[in-house]
Structure formats: C-alpha cells, structure tokens
Amino acid sequence: MKFSSQSIPASSKVFWNRFRIVGPTSAAAAPSCPEPYGEQAYLHPDHCDQFFLCTNGTLTLETCENGLLFDGKGAVHNHCNYNWAVDCGSRKFATDQTPLSTPGCEYLFGVYPDAAECSTSYHKCAFGEVHQELCEPGLVYDHRIHGCNWPDQLLDSCNPEAVVGFKCPQSVPSGTVAARFWPYPRYPVPGDCHRLITCVDGHPRLITCGEGKVFNEESLTCENPEDVPHACRH
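Mapping of the sequence shown onto the numbering used here: residues 5 to 238, in sequence order.
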C-alpha cells in the first residue's frame with residue numbers, strides 16, 4: 005500500500021506564494037521545487053490529510069494513510085503523524101476520515117491498548133497489521149497519552165502494588181537511609197542491580213538507573229559501578 009499521488013492542481017497557487025516558488029500554476033506545468041535535491045514536505049494550506057512533497061525537484065500532492073494527518077511536526081509514516089497528535093486548526097479534510105478497521109486496529113495506523121485496563125503492553129497498527137510493544141518494567145499503558153505511564157497515575161483502573169510487586173510501608177523509621185529521601189523513600193529491588201523502588205504518595209514506582217549506573221543498596225542511590233561496594237559492582 006502506498007501514498008496516493010496526483011498531479012499538482014491549479015488551485016495550489018496559495019502554496020507557491022507561501023513558499024515563494026515562482027512558476028506556472030497549471031497542472032500540466034507544475035512549478036519547480038525550492039530544492040533540486042533531497043526530499044522536503046510542505047504543509048497544505050487547506051487540507052490536514054494532504055501535503056506537498058518535493059523529491060529531487062519533482063513535486064507531488066500526497067495523501068496521508070487512514071489514521072494519519074500532516075502538520076510537519078512529527079512523522080510516523082511518510083511524513084504523516086497519528087491523527088490524535090495533529091492540530092489541524094482551520095484546515096479541513098480532502099478525503100473520508102472514516103476508520104478502515106481491521107482486527108485490533110480501529111484505523112490502519114494507530115496506537116491501542118492490549119487490554120481494557122492496566123495493560124503493561126500495547127500495540128501499534130501499521131497498514132492494519134498489529135505490532136505489539138511492551139512498556140518499560142513498572143509502567144502501564146495510558147490511553148490519555150497514547151504511551152506508558154506510572155500505574156499510580158491510573159488508580160481508577162490500576163493497582164501499583166500489583167504492577168511493581170511492592171507495598172510501600174505506612175511509615176519509615178527515622179534515622180534510616182530510606183528516611184533521608186522522605187517524602188519519597190527508596191528501597192532496593194532484590195536481585196536487581198539497575199533499578200530501585202521509590203514511594204510517591206504511598207504508591208510504589210519502579211525507577212531505572214541511568215546508563216552505566218548501578219544501584220547502591222547502602223546509599224540507595226545510582227552510582228558508577230566502581231563506587232558500589234557489593235555484588236552490583238561487577
């Protein structure tokens with residue numbers, strides 16, 4: 005499946021003026037592109053589902069796939085972005101935006117949860133085919149942001165303790181290392197040298213140390229491996 009493409013219509017004169025392209029505006033003699041080489045995409049002034057594409061000096065009018073729109077600020081496939089990520093403003097649609105659904109995909113292109121509630125995975129649809137993606141450990145899919153989030157941000161449908169596998173203590177003894185980080189006390193993850201647990205408003209979050217860092221169970225911080233006096237040193 006490919007982008008639909010057609011000759012540049014005479015009504016595209018607005019585009020030429022906006023990008024200062026000088027030349028005839030008839031479909032038979034389309035004006036030249038601003039750049040003779042490479043590929044450049046330009047916003048259509050009237051249609052949110054179309055854009056102008058210059059490929060090595062050749063100009064075409066392109067239409068985004070079902071579930072995608074164009075604003076020039078992000079791209080999922082051939083310069084177009086997910087429809088929920090694009091602000092069309094006053095621009096209209098040149099094509100029918102009815103979803104072309106397939107099993108697991110509302111639109112041919114989109115992002116959807118694998119389960120109705122508290123899913124640690126989700127799937128992306130491309131040309132109507134499902135591709136499963138996993139959230140980072142300790143995260144769950146949040147349909148509001150179309151990505152992964154802390155489970156304590158979805159308390160209506162998620163149990164952070166079940167996702168993280170840890171229950172935050174109701175109190176932290178004073179004088180302990182964990183108490184130094186109050187109101188966000190920290191705890192080690194048994195057998196894991198690269199993660200820690202921090203409690204936020206009584207709910208656990210699984211935190212991953214930065215690249216090249218390991219967790220020091222004595223200081224409850226992420227440090228360089230050579231500075232960690234225990235098994236995580238190696």
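From the three backbone atoms N, C-alpha and C, an ideal C-beta is built for every residue, glycine too.
Being a predicted model, the structure only gives us computed values, none of them experimental.
So which of the options has the shortest CA-CA distance to residue i?
i      : options                        : result
His147 : Pro164, Glu221, Asp118, Cys129 : Asp118
Asp257 : Ser94, Gly61, Thr59, Asn60     : No answer is possible for residue 257: the residues shown for the chain start at 5 and end at 238.
Val144 : Asn163, Cys122, Ala130, His127 : Cys122
Glu243 : Pro49, His51, Phe55, Glu140    : Missing from the structure shown is residue 243; the chain here goes from 5 to 238 and no further.
Val168 : Ser175, Gln136, Cys203, Glu137 : Cys203
Cys139 : Ser125, Glu215, Thr59, Ala130  : Ser125
Asp160 : Ala120, His127, Leu57          : Ala120
Leu47  : Asn70, Tyr41, Gly71, Ala79     : Ala79
Gly216 : Arg209, Tyr41, Asn228, Ser178  : Asn228
Lys171 : Glu110, Cys58, Arg209, His51   : Arg209
Pro173 : Asp205, Gly195, Asp196, Leu158 : Asp205
Phe97  : Ala89, Gly108, Cys68, Tyr116   : Cys68
Could you check what DSSP says for residue i in three-state terms: helix, strand or coil?
i      : result
Phe56  : strand
Ala79  : coil
Val168 : helix
Phe185 : helix
Asn87  : helix
Glu230 : helix
Lys6   : Residue confidence for Lys6 is low, a pLDDT of 37 falling below 50, so the modelled location carries little weight; the figure read from the coordinates is stated next. Correct three-state label for Lys6: coil.
Phe146 : In the sequence as presented, Phe is not what sits at residue 146; that position holds Asp. Asp146 falls in the strand class under three-state DSSP.
Gln157 : helix
Glu66  : strand
Leu112 : coil
Could you tell me the alpha carbon to alpha carbon distance between residue i and residue j, rounded to whole angstroms?
i      : j      : result
Glu39  : Ala45  : 11 Å
Leu73  : Thr106 : 19 Å
Ser223 : His207 : 21 Å
Ile149 : Asn85  : 15 Å
Thr99  : Asp91  : 17 Å
Pro233 : Phe219 : 10 Å
Pro141 : Glu221 : 20 Å
Pro164 : Val193 : 15 Å
Thr102 : Thr64  : 24 Å
Gly114 : Val176 : 44 Å
His83  : Gln136 : 22 Å
Gly214 : Tyr191 : 17 Å
Pro49  : Glu66  : 13 Å
Ala130 : Asp53  : 17 Å
Leu200 : Leu112 : 39 Å
Ala182 : Ala166 : 22 Å
Ser178 : Thr225 : 18 Å
Would you mind giving the Cβ-Cβ distance between residue i and residue j, rounded to the nearest angstrom? I have them listed as a contact below 8 Å.
i      : j      : result
Thr212 : His198 : 6 Å
Leu104 : Asn60  : With a Cβ gap of about 31 Å, Leu104 and Asn60 do not count as contacting.
Closer than 9 Å, CB to CB, is residue i near chain B or not?
i      : result
Cys172 : Given the protein chain composition of this structure (a single chain), no chain B is represented.
Cβ of residue i within 8 Å of any heavy atom in the ligand FMN?
i      : result
Gln101 : Because no ligand of any kind appears in the structure shown, any question about the ligand FMN cannot be addressed here.
Please confirm if the segment 185-192 is in contact with the segment 152-167, defined as three or more CB-CB distances below 8 Å between the two stretches. no
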